[in-house]
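Just so we're aligned, residue 27 is where the sequence shown starts under our numbering, counting upward by one.
Below is one structure; the comments refer to it alone.
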Amino acid sequence: MMPSLPPSNFSRLYEEAQASRSGDVRDPAEDLSPLYHALSQSEVRYGTEEPIGVGGMKEVVRVYDERTERHVALARPKQGVPPEQYDAFLREAHITARLEHPNIINLFDMGIDDRQRPFFTMEFKRGLSLRKILSTLKEGNEEVEYPYERRLSVFLRVCEAMAYAHSRHVLHLDLKPENIQIGTFGEVQVCDWGMGEIEQGESEAHLSETLLDPDLYGGQTDPPVKGTPGYMAPEQGDPKAPKAVQNDIFSLGCLLYELSTLNSSAQRDAKPPTSPAVAAIVSKACAADPAERYASVETIREDVNRHLMGFSSGAEQAGFYREVGLFYRRNKLPCVISLCSALLVVATAVWFNQKLRGSHQLTTEALARTETALDETDQARRRAEEALVRHRQERDFAVALVESRGERSIENVLFLIDSLMMKEGISLPVVENAILEIDKALADNPPPKDQLWPMKAYVLFMTQRFEQAERFYAVREGDQGPLRALIPEFAPLIGENDLLSPGDFIRLMERLSTMSKSRHPLMEKMVIYDTLKRNSPADTAVIVEALLKLSNPDWTASLMEYQPETARLRISGPGLHSLYRGGARRRGQADPPRSLLRLLKLNSLDLSGSEISDLWNLDGLHLHRLDIRQTPVTDLEPIAGMTSLRELIITPGQFSPEQLELLPGAAVVREIEPPQE
């Protein structure tokens, strides 16, 4: 609610006229020149002070100007500022007085008050600061009144003000939303030039001798480092560094970022603007090197204006497709009409072509549907078989748990865990049940020499519960001292998901691989458990690649590209000989080691260009597509039982017809020349 206005001179004139009618005697000159008489009788010019704000070395109040009969903002040194700093205070008034622009606050008057303090008066605009508006928008209010385009139009008005100020060789040096006022009717004005300076140049060299030169004030100017963190150019942190236009351009870039994203300017790197044009403009304006920023405010204003008009900005360096997209936005209706016409022509041509090839297409589609149905049937059958096997294994495991209670044969429990894990018959509940079973045996409080203590610690270490494992190792560590020695290093690294990060987990695997006693089986079990619990194919691929590098130390120029969405993997490079964990050896067909790639969801595998020679490395995989071009593979027997295989890609002449007869009946062989290097 606005405060009531004080009685005006016109009001007093009316009262005096009423008094004259009542018989009071008046000077005839008052009737001839009432306005002049009222002005001559005014003794106090400024009254009815209302505080507005305090900052730096000054305080600002709203006062009523009796002579011009309007409210103005009056600034004066705040309480406690010594007289020797009055000239530094008046610099803001002198600098503002040099600037006459619709988007820059106007200076009205300067003087000395009855307490011998200097003051100056400025325009008093009713409205809000840009900071208040942005804070309101961030809270989700009034979004309709300040949409994206309107916020950028405010930025253009600020650029116009700063371009004019720079043409007068005046620098602001403290541009931020708090110093930009938005009037009731949308007026934009740049305020608070207290930190401003006159840019030194050949055309204004004489100004260095005037009172506007901050160097003449010694230590009076406050603060020595001018600007606000988050909006201040890096070079402004050095008080001795010369000030230039690029200081204000950096602040304009920060302001543009906040206006376009409604995020704090400190988040420029973490949350870049979604618009490529604005992102490029902000990046150029806020470059760390002043020489890489915009040369003038006019150029940054032109880039933002082009963005609003639907054109690419100069800083963006847009490519062909970007320019095409912008052209479409500017000419949407003509483009839609042209596109519809083109589509109509294409549709007519396609319809005619479909009529000619109708019968062939129907046959092809029927064959494709049949093949898809076969694939789906095969996958469903395989999933059912795997589920049945897992069910039987877990059932046997549960029976073994029950039978072991009487005998306390915990070694059988651990053996079953090992067996199930290596064959992917394990699940998280099975591991937890095994831990509970060991806990039941430990409830009898066996003596410290009992193997149950290190067995429990071993299972907890395997499941990355290092702090719990340490409590059982403290009773007895057995031959697991090297494992226990790793706990202080890795226990603090466990994350919120009760797992190590992929990088820390890989580092643990590397440490285990260097132990004198082979820990490769433990490493594989830990990876299997990690895969079950982490449930992140991308992270599992990174971990599997690291294990393969431990198994293939000469695989230095590694190539591994995994696409979880399509279940495709390409793995190649010289030195890649094995897809097993380290130390694995084929022990005969009854219980062979299994490929580490089985931990990834795979339908398509490209081994072309690798040094894999034994396809037994694919044991445990269910592939639909396999590429073995340019590999030393000579025997196809290992994949003869891979019933899921639908396509095998080889180099022409790589295998004889007799060798190809070993493949499953549904597999199609494609002989394709390898790509040229």
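C-beta: ideal position from N, C-alpha, C; glycine also.
DSSP places T147 within a strand segment (E or B) once states are collapsed to three. In the DSSP assignment, F492 falls within the unbroken alpha helix (DSSP H) covering 492 to 499.
Contact between the region 117 to 127 and the region 181 to 197 is established, with three or more Cβ pairs separated by less than 8 Å. Secondary structure at A314: coil, using DSSP grouped into helix, strand and coil.
Taken in chain order, the unbroken stretches of beta strand (DSSP E) that lie wholly in the region 669 to 697 and span 3 residues or more are 673 to 676, 694 to 697.
When the five nearest sequence neighbours on each side are left out, the beta carbons in the same chain lying within less than 6 Å of the beta carbon of E637 are those of L602, H603, in order along the chain.
By the CB criterion at 8 Å, K84 and P103 fall inside the cutoff. Taken through DSSP and simplified to helix, strand or coil, V216 comes out as strand. Here DSSP, grouped into helix, strand and coil, assigns E171 to coil. In the DSSP assignment, H546 forms no beta bridge with any residue. In the three-state scheme derived from DSSP, where H, G and I count as helix and E and B as strand, D580 is classed as coil. In this structure, A303 sits near S338, with a CB-CB distance shorter than 8 Å.
Residue environment: A583 is assigned as exposed (fewer than 16 neighbouring CB atoms within 10 Å of its CB, all protein chains considered). Sequence-distant Cβ neighbours of A119 in its own chain, meaning closer than 7 Å and more than five residues away, are L133, M136, F146. Cα atoms of H97 and D91: separation of roughly 6 Å, rounded to the nearest angstrom. P316 and A305 have their C-alpha atoms some 18 Å from each other.
Distance from L628 to L595 at the Cβ level is roughly 6 Å; contact confirmed, criterion being Cβ atoms closer than 8 Å.
Separation of D661 and L526 (C-alpha to C-alpha, rounded to the nearest whole angstrom) is 40 Å. Non-local C-beta neighbours of L519 in its own chain, meaning closer than 6 Å and more than five positions away in sequence, comprise L526, D530, ordered along the chain.
Between the region 143 to 162 and the region 263 to 276 there are fewer than three inter-stretch CB-CB distances shorter than 8 Å, so the stretches are not counted as touching.
Contact annotation: R533 and L512 have beta-carbon atoms that are not nearer than 8 Å.
Rounded to whole angstroms, the gap between the alpha carbons of R319 and N289 is 22 Å.
Contact between the region 691 to 698 and the region 668 to 679 is present: 3 or more CB-CB pairs across the two stretches fall below 8 Å.
Counting only the Cα atoms, E463 lies some 14 Å from L454. In the DSSP assignment, H97 forms a beta bridge with Y90.
By the CB criterion at 8 Å, A567 and L649 fall outside the cutoff.
The beta-carbon separation of V330 and L182, rounded to 6 Å, stays under the 8 Å limit for a contact.
For Y283, the enclosing alpha helix (DSSP H) has its first and last residue at 271 to 287. Across the set A460, V323, M221, I307, the C-alpha of M221 shows the shortest separation from the C-alpha of T122. Within its own chain, the residues whose Cβ lies closer than 7 Å to the Cβ of N578, once the five positions on either side in sequence are excluded, are G601, L602, H603, S604, listed in chain order. Out of A572, G635, G646, the CA that lies nearest to the CA of R620 is found in G646. DSSP, reduced to helix, strand and coil, places I597 within a strand of the structure shown.
Assigned with DSSP and collapsed to three states, R651 falls in strand. For V80, the uninterrupted beta strand (DSSP E) segment begins and ends at 72 to 81. Collapsing the DSSP output to three states places S367 in a helix.
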